[in-house]
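Notes follow once the structure below has been shown.
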Amino acid sequence: MNNETILNEIMLNAREVPLECQERILDILKGMAFAKKCLIKNLCVDNEKKTHEKNV
């Protein structure tokens, strides 16, 4: 499943949800994206620390 297919499915299903709910769903998705970004950033920092510790 590619990104365009996923986006099309989201758009089709979103039309059936009331606008108030769409706004809350969007807030939740933004929070999930932020959490993912933080986790990935922390993982990269941890990997850099491990690499540095091995080299010291």
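The working numbering applies: residue 1464 is where the sequence shown begins, and numbers increase by one.
The C-beta atom is built at its ideal place from N, Cα and C for all residues, glycine as well.
The structure displayed is predicted, hence computed values, not measured ones.
Task: Cα-Cα separation between Leu1475 and Ile1469, rounded to whole angstroms - done: 10 Å
Open item on the list: If the criterion is Cβ atoms closer than 8 Å, does the pair Val1480 and Ile1488 meet it?
Closed with: yes
Open item on the list: If the criterion is Cβ atoms closer than 8 Å, does the pair Ala1498 and Gln1485 meet it?
Closed with: no
- [ ] Work out the CA separation of Lys1493 and Lys1504 for me, nearest whole Å.
- [x] 16 Å
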